[in-house]
Every structure is written in C-alpha cells, then in structure tokens.
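Shown next, in structure tokens, is the structure this report addresses.
Number of protein chains: 2
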Amino acid sequence: MRFLEDLQVGQRREIGTYAFTAENIVAFAKQFDPQPFHLDEEAGRRSLFGGLAASGWHIASACMRLLVLERQQEAAAEAARGEPVAVWGPSPGFRDLRWLKPVLAGDTVTYANVVESVRPSDSRPGWGIIQARNSGTNQRDELVFSFLATAFVPRRPAGE
Amino acid sequence: MRFLEDLQVGQRREIGTYAFTAENIVAFAKQFDPQPFHLDEEAGRRSLFGGLAASGWHIASACMRLLVLERQQEAAAEAARGEPVAVWGPSPGFRDLRWLKPVLAGDTVTYANVVESVRPSDSRPGWGIIQARNSGTNQRDELVFSFLATAFVPRRPAGE
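Protein chains in written order, with full-length UniProt numbering: chain A, 1 to 160; chain B, 1 to 160.
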C-alpha cells in the first residue's frame with residue numbers, strides 16, 4: 001500500500017478511530033465553526049442534529065490526523081525493516097465531501113479508505129495518481145462521512 | 001443575500017480575511033495534520049511548499065469560521081432592524097475542494113463567495129437550494145483555495 005505498484009482498485013484499509021467528546025467538539029467549534037449547535041449541548045438538542053454535534057470540518061480534520069499518523073507509523077516500520085519508504089506527494093484536492101449523518105458528543109468514528117482508481121501520471125514520470133474514497137463510520141456502523149481523495153504516489157524504484 | 005428570493009446567480013461577496021501565522025499553522029497541524037512541512041519552518045523550506053505551510057484543512061476551517069461569523073453579524077443586524085432573520089439549513093456537503101497554491105506563514109487570505117445556482121427544493125416546501133463557490137485569495141491576489149458549497153436556504157415568508 002505504498003508505491004504505485006502496491007496499490008490495487010478495491011483495496012480497503014482501516015485508518016483509525018477518533019472519539020468525539022463534548023470537550024473536543026466545543027474546542028474545535030470555538031476556533032473554526034462557532035455555531036450554537038456545535039458549542040452548546042442544549043442548543044444542539046433543539047437543532048436538527050438532536051445533540052451537541054461536531055463541526056463537519058472537525059470530522060474531516062480528524063480523518064486527516066489519522067491518515068497522517070497511520071502513514072508515519074507505516075513509514076517508520078518500513079524504515080526499521082530496511083525497506084524503501086514511499087514519500088507521497090501533496091494532495092491537489094478532494095471531491096465529493098459528504099456529511100451523511102450527525103456526529104454527536106460520545107460518538108466514535110472509525111475511518112477507512114478504499115482505492116477507486118490507480119494510473120501512471122502522464123505529466124510526472126516516476127509518479128502515479130490514485131483516487132481513494134475515505135469514509136467514517138460511527139459505533140452503530142452508520143456511514144457518517146465520505147470524500148474522494150486524489151494523491152500523487154511514487155512508482156517503485158527500479159530493482160526494489 | 002439571506003432568503004432564497006434575495007439570491008441571484010453571479011452575486012459575489014467578501015467573507016473576511018484570515019492571517020496565517022507560524023503559531024496558528026503549527027497549532028492546527030499538531031492537532032490535525034502533523035506532517036513536517038506544517039510543523040517546522042526548516043522542514044517546510046526543504047519541501048515542495050518552500051516554507052512553513054498551512055494544512056489544507058486549516059485553510060478550509062478558517063473559511064468556515066469567517067462564513068459563520070459573517071452570517072451571525074448579518075443576522076444580528078437584521079434582527080436589530082426588526083427584519084425577519086433567515087436561518088439556513090445545514091450543508092449536506094461540498095464538492096470540488098482545491099488547494100491551488102501553498103499558504104505560508106505570513107500570508108493573509110481573503111475569502112469570498114459567488115452564487116453559482118439557485119433553485120427551489122423539490123423535496124422540502126419552503127426551502128431552496130443554492131450552490132456557491134467559496135474561494136480564498138492571498139495578498140498577491142493569487143487564488144489559493146476553492147470549493148463548491150451546497151446549502152438549504154429558506155424562502156421568504158409570505159407578506160415580508
């Protein structure tokens with residue numbers, strides 16, 4: 001799951017889990033999304049969300065945190081085994097970001113991704129482009145979050 | 001710019017400005033995007049970004065902050081004038097999120113939005129659906145960030 005040659009359409013992996021608490025929901029909202037239903041339990045209960053709800057950007061940022069930590073752990077393990085470490089390029093953007101159900105204080109979201117397409121880059125020799133759908137599922141196994149990510153992935157060095 | 005009837009394709013407005021500093025870039029990255037080029041000036045300089053670079057999710061979250069504060073100020077002004085206040089529905093998601101250029105420590109991003117489509121909702125009487133492109137431009141007038149947002153907007157109450 002590291003160099004372009006290791007990636008195949010349909011591959012799925014779990015990225016990690018994030019526990020949304022009243023504390024981290026309110027802390028994020030104060031900084032970046034100060035709407036009442038993200039700041040106050042009672043206002044959340046009276047809203048369409050039905051409880052203190054995490055900002056959508058908090059849900060997305062938590063996914064990024066887990067993606068980065070998981071990739072760093074994998075790179076450390078590869079380096080420890082003496083294997084070449086694939087350094088991915090920056091992402092040019094995302095498509096089709098969806099918040100499908102509210103995430104409330106007390107919910108735990110498990111993030112996963114599935115590879116949707118893999119191809120060599122026309123413009124950058126030595127690189128490929130993958131698309132993967134990242135998603136988040138709550139403790140009741142309900143899909144709450146999803147987006148399609150594009151990333152530049154290096155090709156495996158010759159001879160490795 | 002509040003009820004469905006007030007919105008027209010092509011309307012543009014500035015949402016506000018956010019100053020990216022080494023402090024707020026690193027604080028966000030520690031929590032949500034702990035990659036070296038978001039955490040350390042020297043690592044940033046050696047990266048493709050060429051400097052300490054803000055996480056893309058920080059750039060998006062700062063846009064959300066300004067959108068919320070601007071809407072709250074507008075609602076307060078409407079209420080002060082005794083006008084009806086439009087309460088928008090939650091957003092079902094975003095499309096086509098793009099980070100077009102790096103945002104580095106010291107950069108100031110001005111966010112704006114342009115209405116791209118307006119239509120009544122088929123499924124929810126009393127509501128319409130708008131699409132607007134939110135974008136961020138740096139102090140050199142370079143487009144750095146863009147996404148297409150969808151929102152539910154209430155129709156103006158009869159007689160107002």
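Beta carbons are placed, not taken as given, at the ideal position from N, Cα and C, and that holds for glycine.
query = Less than 9 Å separating the beta-carbons of L66/B and I25/B?
reply = no
query = Applying the criterion that 16 or more other CB atoms from any shown protein chain within 10 Å of the CB defines a buried residue, is L69/A buried or exposed?
reply = exposed
ask   = From T150/B to R98/A, what distance separates their C-alpha atoms?
value = 11 Å
Listed by chain order, chain B residues near L39/A by CB distance under 9 Å = Result: empty, since nearest Cβ-Cβ is about 11 Å, beyond 9 Å.
request  = Could you give the DSSP three-state label for N138/B: helix, strand or coil?
outcome  = coil
task = Let me know the beta strand (DSSP E) ranges lying completely inside the UniProt domain "MaoC-like" (16-120) of chain A, each 3 residues or longer, listed in chain order.
result = 93-99 and 108-120
request  = Give a yes or no on whether the minimum CB-CB distance between V26/B and chain A is below 9 Å.
outcome  = no
ask   = Would a C-beta distance cut-off of 9 Å place T108/B and Y18/B closer than the cut-off?
value = yes
ask   = With burial defined as no fewer than 16 other Cβ atoms inside 10 Å of the residue's Cβ, what is the status of Q8/A: buried or exposed?
value = exposed
key: Distance CB(V103/A)-CB(F20/A) smaller than 9 Å   = yes
inquiry  = Spatial neighbours of E142/B within its chain, please: C-beta separation below 7 Å, excluding the five flanking residues on both sides.
reply    = K101
ask   = Across which residues does DSSP place G128/A in a beta bridge pair?
value = P120/A and V153/A
query = Pick from F94/A, V153/A and S117/A: whose alpha carbon is nearest that of G56/B?
reply = F94/A
request  = Can you tell me which of the three DSSP states residue 181/A falls into?
outcome  = Residue 181/A falls outside the range modelled here, since chain A spans only 1 to 160, and no answer is possible.
ask   = Between the Cα of Q131/A and the Cα atoms of S121/A, R156/A, A75/A and S61/A, which residue gives the shortest distance?
value = S121/A
message = Strictly below 8 Å CB to CB, what residues from chain B border L104/A?
response = Going along chain B, no residue has its Cβ under 8 Å from L104/A, so there is no contact; the nearest lies around 13 Å.
ask   = Would you say S47/B and A53/B are within 9 Å of each other, going by their C-beta atoms?
value = yes
Spatial neighbours of L29/B in its chain, beta-carbon cut-off 6 Å, leaving aside the 5 residues before and after = Rather than Leu, the amino acid found at residue 29/B in this sequence is Ala. Taken in chain order, the residues that qualify are H38, L39 and S55.
query = Can you tell me whether DSSP reads residue 161/B as helix, strand or coil?
reply = As displayed, chain B neither begins before 1 nor continues past 160, which places residue 161/B out of reach and without an answer.
query = Quick one: which chain A residues come within Cβ less than 8 Å of D33/B?
reply = S61, M64, R65 and V68
inquiry  = Using CA atoms only, rank isn't needed, just tell me which of R156/B, A79/B and I129/B is closest to V115/B.
reply    = I129/B
request  = Examine chain B for any beta-carbon lying closer than 9 Å to the beta-carbon of G93/A, and answer yes or no.
outcome  = yes
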